[in-house]
Amino acid sequence: MSLPDIDTAYFQEFLTRLLNTPSPTGYTEEAIAYVESEAQKFSGVRTRRTRKGALLITLDGERADAPRALTAHVDTLGAMVKEIKSSGRLRLTKLGGYPWNFVEGEGCAVRTEQGALIRGTILFHRASVHVYGQQVDGKREDDSMEVRLDAPTRSQDDTRRLGIQPGDFVFIDPRVEWNNGFVRSRHLDDKACVAVLISALKSLNDAGQKPRQTTYLLISNYEEVGHGAAAGIPSDVVELLAVDMAAVGDGQNSDEHHATLCVKDSGGPYHHGFSQRLRRLAEQEGIDARVDIYPFYGSDGEAFWRAGGDLAVALIGPGVDASHNYERTHTDALVDTARWVLAYLLND
């Protein structure tokens, strides 16, 4: 099978803009709207929003007797204001699973209910070594971390006058950079894979091709808290392919230059028959894919299964280093994942 080319310039432009569009779990409307506007540029595509706020993209196929679904999530890690402290600084509650030291020292923006963005920095409360000495090595936990606002505030009242209140979302800076084929940024999980799906759509559109079967793409918006694709997959679908990052680290087979098939994670094994078919597709297309297992990992495919979904589910994705930290991957892995998606869409 001859696969259509991936427009890497478009991929980079789309991913960069998506990474720079804040979308912590619970605040995803702007990112969903951007993905929808891009998908609507392609022929044979229909879009609608689910009641939960996810985006369902429908792509007409050559046939419609065995529709397929793929899913990737646009929601990311982030935080919300838990409390305005007496000092005027903010105590946070996390959105998604990450240790505080992963975001310590990072720039952020607090979005007020009125729409203002107030800049700040996430810091350990005892951040000054010249004041606190060895106390700066203290435990990083919810009560010891705070946001220092870039605004003249020394009290709760000062901060409230800025329009800030508990429940406001806090956007953690992504800091997107492309160097020598690498992209490093926060929130490549899972915006890199949303870019994979949209770039695959563009490749089909540019080549004037349709997928073999009518295909649904669910861009979910609650994956980081465990229930993203629990709802939203149409009832006529016969199988679900989750597209999410592959975890890189000691003892793992995944790396930043390759796409990976995950056959088991913390929720157990994925569908063996479906996974084997994807392995054969990669081999047929000359995609040097890896196979791996992730001990501390869950996906939207599992969310669907746990909600009672009765479909074969498999998981592929690009290798991403330092997951839930300041992440990095390479164009090689992104392109191979997009080619793998195309191979799946165009295969019987």
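Going from the sequence shown to the working numbering is simple: count from 1 and add 120. C-beta atoms are modelled at their ideal positions from N, C-alpha and C, and glycine is treated no differently.
(request) Would you mind giving the Cβ-Cβ distance between Glu343 and His193, rounded to the nearest angstrom? I have them listed as a contact below 8 Å. (result) Start at 1 with the first residue of the sequence shown, and residue 343 comes out as number 223. Start at 1 with the first residue of the sequence shown, and residue 193 comes out as number 73. Rounded, the Cβ-Cβ distance is 4 Å, consistent with contact.
(request) Scan the stretch 162 to 209 and note each continuous beta strand (DSSP E) run of 3 residues or more that stays entirely inside, going in chain order. (result) 165 to 169, 175 to 179, 183 to 193 and 198 to 204
(message) Using only the alpha-carbon positions, how far apart do Phe416 and Gly369 sit?
(response) Here residue 416 refers to the residue found at position 296 of the sequence shown. Here residue 369 refers to the residue found at position 249 of the sequence shown. Answer to the nearest angstrom: the Cα atoms are 12 Å apart.
(message) Quick test of your reading: Arg281 and Ile292, contact by CB under 8 Å. State the CB separation rounded to the nearest angstrom.
(response) Sequence index remark: in the sequence shown, residue 281 carries index 161 (1-based). Sequence index remark: in the sequence shown, residue 292 carries index 172 (1-based). Not confirmed; about 24 Å, so no contact.
(request) Name the one or two DSSP bridge partners that Cys382 has. (result) Residue mapping note: residue 382 aligns to position 262 of the sequence shown, counting from 1. Asp412 and Leu435.
(message) Assuming contact is defined by CB atoms lying nearer than 8 Å, are Gly439 and Ala366 in contact in what I supplied?
(response) Locating residue 439 in the sequence shown gives position 319, where the first residue counts as 1. Locating residue 366 in the sequence shown gives position 246, where the first residue counts as 1. Result yes, Cβ atoms of Gly439 and Ala366 sit closer than 8 Å.
(message) So the candidates are His250, Leu190, Gly164 and Glu266; which of them puts its Cα closest to the Cα of Gly208?
(response) For this step, residue 208 is matched to residue 88 along the sequence shown. Among His250, Leu190, Gly164 and Glu266, the Cα nearest to that of Gly208 is on Glu266.
(message) Just to confirm my understanding: we take Pro389, look at its own chain, exclude 5 residues before and 5 after, and list those with CB closer than 8 Å. What are they?
(response) For the purposes of this step, residue 389 is taken as residue 269 along the sequence shown, with counting starting at 1. Answer for Pro389: Val383, listed in chain order.
(request) Taking Ile318 and Leu338 to be in contact with their CB atoms under 8 Å, please state how far apart those CB atoms are, rounded to whole angstroms. (result) Working through the sequence shown from its first residue, we reach residue 318 at position 198. Working through the sequence shown from its first residue, we reach residue 338 at position 218. Actually they are not in contact, since the Cβ atoms of Ile318 and Leu338 sit about 13 Å apart, beyond 8 Å.
(request) Could you please give me the residues that DSSP links to Val303 through a beta bridge? (result) Against the sequence shown, residue 303 aligns to sequence position 183. Trp298 and Thr449.
(request) Would you mind sorting Leu237 into buried or exposed? The rule is 16 or more other CB atoms within 10 Å of its CB. (result) To locate residue 237, count along the sequence shown from 1; it is residue 117. Under this definition Leu237 is an exposed residue.
(message) If you measure between the beta carbons of Ala184 and Gln333, is that distance less than 8 Å?
(response) For this step, residue 184 is matched to residue 64 along the sequence shown. For this step, residue 333 is matched to residue 213 along the sequence shown. In this structure, Gln333 lies closer than 8 Å to Ala184 by Cβ.
(message) Considering only the alpha carbon of each residue, which of His450, Glu403 and Glu224 lies closest to Cys313?
(response) The residue given as residue 313 occupies position 193 in the sequence shown. For the residues His450, Glu403 and Glu224, the minimum Cα distance to Cys313 belongs to His450.
(message) Suppose contacts are defined by Cβ-Cβ distances below 8 Å. Is Leu381 in contact with Ala409 by that definition?
(response) In the sequence shown, residue 381 corresponds to position 261, counting from 1. In the sequence shown, residue 409 corresponds to position 289, counting from 1. Against a cut-off of 8 Å, the Cβ pair of Ala409 and Leu381 comes out as a contact.
(request) List the whole-angstrom C-beta distance separating Ala350 from Phe424, where the pair is believed to meet the contact cut-off of C-beta under 8 Å. (result) If you number the sequence shown from 1, residue 350 lands on position 230. If you number the sequence shown from 1, residue 424 lands on position 304. Confirmed, Cβ separation roughly 6 Å.
(request) Tell me whether Arg231 is buried or exposed, calling it buried when 16 or more other Cβ atoms sit within 10 Å of its Cβ. (result) Position 111 of the sequence shown holds residue 231. The residue in question, Arg231, is buried, as its Cβ has 16 or more Cβ neighbours within 10 Å.
(request) Measure how close the beta-carbons of Gln234 and Gly283 come, nearest whole angstrom, since I'm counting them as under 8 Å. (result) Reading the sequence shown from its first residue, position 114 is the one you call residue 234. Reading the sequence shown from its first residue, position 163 is the one you call residue 283. Contact holds; Cβ gap of about 5 Å.
(request) Could you please give the first and the last residue of the uninterrupted alpha helix (DSSP H) stretch that includes Val363? (result) Indexing the sequence shown from 1 puts residue 363 at position 243. First-last for Val363: Glu359 to Val363, but that is the beta strand (DSSP E), not the alpha helix (DSSP H).
(request) Indicate the three-state DSSP secondary structure (helix, strand or coil) for Tyr464 in the structure shown. (result) As a first step, residue 464 must be located in the sequence shown, where it is residue number 344. Tyr464 falls in the helix class under three-state DSSP.
(request) May I have the straight-line CA-CA distance separating Asn221 from Arg188, to the nearest angstrom? (result) Residue 221 sits at position 101 when you count from the first residue of the sequence shown. Residue 188 sits at position 68 when you count from the first residue of the sequence shown. Those two C-alpha atoms are separated by around 40 Å.
(message) Would Glu447 and Arg304 be called neighbours here (beta carbons separated by less than 8 Å)?
(response) In the sequence shown, residue 447 corresponds to position 327, counting from 1. In the sequence shown, residue 304 corresponds to position 184, counting from 1. Closer than 8 Å, so yes.
(message) I'd like to confirm the pairing. Which residues does DSSP put opposite Cys228 in its beta bridges?
(response) As a first step, residue 228 is located in the sequence shown; it is residue number 108 there, counting from the start. Partner(s): Gly240 and Ile292.
(request) Mark Val249 as exposed unless 16 or more other C-beta atoms lie within 10 angstroms of its C-beta, in which case mark it buried. (result) Here residue 249 refers to the residue found at position 129 of the sequence shown. Classification for Val249: exposed.
(message) What does DSSP give as the partner residue(s) for Asp441 in the beta ladder?
(response) The residue labelled residue 441 in the question sits at position 321 within the sequence shown. Asp441 pairs with Val368 and Arg448.
(message) Would Asp475 and Pro124 be called neighbours here (beta carbons separated by less than 8 Å)?
(response) As shown, the chain starts at 121 and ends at 468. That puts residue 475 outside it, with no answer to give.
(message) Cutting at 6 Å between CB atoms, please list the residues of its own chain near Arg274, excluding the five before and the five after it.
(response) One-based indexing of the sequence shown puts residue 274 at position 154. Once the five neighbours on either side are set aside, the close Cβ partners of Arg274 are Gly208.
(message) Between Leu138, Gly437 and Asp420, which has its C-alpha nearest Gly429's C-alpha?
(response) The residue you call residue 429 lines up with position 309 of the sequence shown. Of the candidates Leu138, Gly437 and Asp420, the one whose C-alpha sits nearest the C-alpha of Gly429 is Asp420.
(message) Is the beta carbon of Met200 closer than 8 Å to that of Asp288?
(response) One-based indexing of the sequence shown puts residue 288 at position 168. One-based indexing of the sequence shown puts residue 200 at position 80. For Asp288 and Met200, yes; Cβs fall inside 8 Å.
(message) Quick check on Val433: buried or exposed, where buried means 16 or more other Cβ atoms within 10 Å of its Cβ?
(response) Residue numbering aside, residue 433 sits at position 313 when the sequence shown is read from its first letter. It counts as buried.
(request) Name the two residues that bound the continuous alpha helix (DSSP H) containing Tyr336. (result) For the purposes of this step, residue 336 is identified with residue 216 of the sequence shown, where counting begins at 1. From DSSP, Tyr336 is part of no alpha helix (DSSP H) but of the beta strand (DSSP E) over Gln333 to Ser340.
(request) Helix, strand or coil for Glu266, going by three-state DSSP, please let me know. (result) Looking up residue 266 in the sequence shown gives position 146. Reduced to three states, the DSSP call for Glu266 is strand.
(request) Whole angstroms is fine: what's the gap from His377's alpha carbon to Gly301's? (result) Taking the first residue of the sequence shown as position 1, residue 377 is located at position 257. Taking the first residue of the sequence shown as position 1, residue 301 is located at position 181. When rounded, the distance between both Cα atoms is 10 Å.
(message) For a test of the three-state rule: what should DSSP assign to Gly388, helix, strand or coil?
(response) In the sequence shown, counting from the first residue as 1, residue 388 sits at position 268. Strand at Gly388.
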